[in-house]
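The numbers in the numbering used here rise by one with no breaks, and the one at position 178 of the sequence shown is 203. C-beta: ideal position from N, C-alpha, C; glycine also. Shown next, in structure tokens, is the structure this report addresses.
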Amino acid sequence: MLVEIWSDLVCPWCYIGKRRFEKALAGFDHRDRVEVVHRSFQLDPSAPHGEVRDQAEMLSAKLGMPPERVRALNTEMEHRAAEDGLEYNLSGGTVGNTADAHRLIHLARDAGLQGPVIEAFYRAHFTDRRSLFDPDSLVELAAEAGLDPGAARAVLDSDRYAADVQTDQVEAQQLGATGVPFFVVDGRYGVSGAQPTETFTQVLARAWAESRPPVTIAAGDGGACDGDACAVPAEPRG
Numbered sequence: 026m027l028v029e030i031w032s033d034l035v036c037p038w039c040y041i042g043k044r045r046f047e048k049a050l051a052g053f054d055h056r057d058r059v060e061v062v063h064r065s066f067q068l069d070p071s072a073p074h075g076e077v078r079d080q081a082e083m084l085s086a087k088l089g090m091p092p093e094r095v096r097a098l099n100t101e102m103e104h105r106a107a108e109d110g111l112e113y114n115l116s117g118g119t120v121g122n123t124a125d126a127h128r129l130i131h132l133a134r135d136a137g138l139q140g141p142v143i144e145a146f147y148r149a150h151f152t153d154r155r156s157l158f159d160p161d162s163l164v165e166l167a168a169e170a171g172l173d174p175g176a177a178r179a180v181l182d183s184d185r186y187a188a189d190v191q192t193d194q195v196e197a198q199q200l201g202a203t204g205v206p207f208f209v210v211d212g213r214y215g216v217s218g219a220q221p222t223e224t225f226t227q228v229l230a231r232a233w234a235e236s237r238p239p240v241t242i243a244a245g246d247g248g249a250c251d252g253d254a255c256a257v258p259a260e261p262r263g
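Take a look at the structure:
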């Protein structure tokens, strides 16, 4: 069963949603039959490459609220993250264009390392305050997660996977996603937002049950219809 997760690497709810989904998957009986694929979604694809902005200042301008209110919201988000076992250090954080980081996530998928790399990127941004917007930092982070640094550098020095990032973005919009995280389970069930772990548990169970044929638990002279004929089983003789 396939689970696709659209997210942006600087979205605080995306990291929380990822962790909640992982908790649900860990308790799912058929977790070894579930493939998880991370897809790209840029919240601000127009952000200039190579430039960073103070996160609180950016949100203040975007949301039209005082910087002190943004700082208070960041503190609230840090507390929310802690409830899910995550450490957020948002004060003094920066934001920028995430296209290069997303391209490395696609490289990591081809290398069978998508899970470790995306986890490393999230932890770097939200916990360790390391840059996802500088090529040298991205290569270093990818290498620490097991990705070949030469392959990562080659991707960043080219436009490889840029079309894949764009395709993911378009597909999310076609599916009706206006924000992230956005989960699609078995190609049929969409889950928007960082829902509680229990919600993911229910969706996994339902999708698995509905994608599997019923199991015959009894056969023989139980009475059944086949085509236009309905057999009437003989009553047992006493």
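Asked	Found
Between which two residues does the beta strand (DSSP E) containing G42 stretch?	G42 -> not in any beta strand (DSSP E); alpha helix (DSSP H) instead, spanning 37-51.
Considering only their Cβ atoms, is the gap separating V180 from R134 smaller than 8 Å?	no
Provide the residue(s) that pair with T119 in DSSP beta bridges, ordered along the chain.	D79
Would you tell me roughly how many angstroms separate the C-alpha atoms of R96 and K43, rounded to the nearest one?	24 Å
Using the Cα positions of G218 and D33, report the straight-line distance between them to the nearest angstrom.	12 Å
Quick one: Cα of V216 to Cα of S183, how far?	34 Å
Checking 8 Å against the spacing of the C-beta atoms, do V210 and V28 come in under that value?	yes
Are the beta-carbon atoms belonging to A81 and N99 less than 8 Å from one another?	yes
Output the distance between the C-alpha atoms of P37 and Q220, rounded to the nearest integer angstrom.	13 Å
Measuring CB to CB, does V35 end up less than 8 Å from T123?	yes
Are R154 and G118 touching if we call contact CB-CB under 8 Å?	yes
F207 lies in the alpha helix (DSSP H); which residues open and close that run?	No alpha helix (DSSP H) contains F207, which is instead part of the beta strand (DSSP E) from 207-210.
Suppose you measure from the CA of M90 to the CA of D79; what does that come to, to the nearest Å?	15 Å
Among all the DSSP beta bridges, which residues are the ones paired with R64?	W31
Applying the 10 Å Cβ sphere with the 16-neighbour rule, what's the burial state of D57?	exposed
May I ask you to report which of helix, strand or coil DSSP gives S71?	coil
Can you have a look at D264 and say buried or exposed, based on whether 16 or more other CB atoms are within 10 angstroms of its CB?	Residue 264 lies beyond the stretch modelled for the chain, which goes from 26 to 263, so this question has no answer here.
Checking 8 Å against the spacing of the C-beta atoms, do R105 and I41 come in under that value?	yes
Around the Cβ of Q194, are there at least 16 other Cβ atoms within 10 angstroms (buried) or fewer (exposed)?	buried
Output the distance between the C-alpha atoms of L157 and A188, rounded to the nearest integer angstrom.	20 Å
To the nearest angstrom, report how far apart I130 and E112 are at their CA atoms.	22 Å
Can you find the residues in the same chain that come closer than 6 Å, C-beta to C-beta, to S65, ignoring five residues on each side of it along the sequence?	H127, V190, D193
Closest to H150 by C-alpha separation, out of G75, L138, G140, L163, would be which residue?	L163
Taking all protein chains shown into account, do 16 or more other C-beta atoms lie within 10 angstroms of the C-beta of A232, making it buried, or fewer, making it exposed?	buried
For T226, collect the residues of the same chain with a Cβ closer than 8 Å to its Cβ; drop the 5 residues on either side in sequence, then sort them by chain order.	A49, G52, F53
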